[in-house]
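See structure below.
Numbering (my numbering), first residue to last: 1463 to 1522.
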C-alpha cells in the first residue's frame, strides 16, 4: 500500500488483522478459506498448528 499525502487528502491506512489460532487446524483452514484477505493488508497468525516435521499446514 503506497502512502500519499497532499493538502486535501488523508494518508492511506495500513490495516492489520492479528489472530491467535491456539494450534487449531479448523481455525487456520477457516481463516485461509475466508474473504478476510479482501479487507486487510497484513494478516498476522499466532500459534498456527505445526505438524510432526515442524511445518505449518496450508492449502495447496
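Even for Gly, the Cβ is constructed at its ideal location relative to N, Cα and C. All values derive from a computational prediction rather than experimental measurement.
Sequence-distant residues of its chain with Cβ nearer than 6 Å to residue i (five each side left out)
i: residue 1478; result: 1504
i: residue 1509; result: 1482, 1483, 1484 and 1485
8 Å Cβ shell around residue i - same chain, five flanking residues per side excluded
i: residue 1472; result: none
i: residue 1499; result: 1505
Pair within 8 Å by beta-carbon distance, residue i and residue j
i: residue 1511; j: residue 1493; result: no
i: residue 1434; j: residue 1496; result: Limits of the chain in this structure are 1463 at one end and 1522 at the other, which puts residue 1434 out of reach.
Supposed close pair residue i, residue j - CB separation, criterion 8 Å
i: residue 1480; j: residue 1514; result: Residue 1480 to residue 1514, Cβ: 27 Å. No contact.
In chain order, each alpha helix (DSSP H) run of at least 4 residues that lies wholly inside the stretch 1479-1522: Counting only runs of 4 or more, we get 1487-1494.
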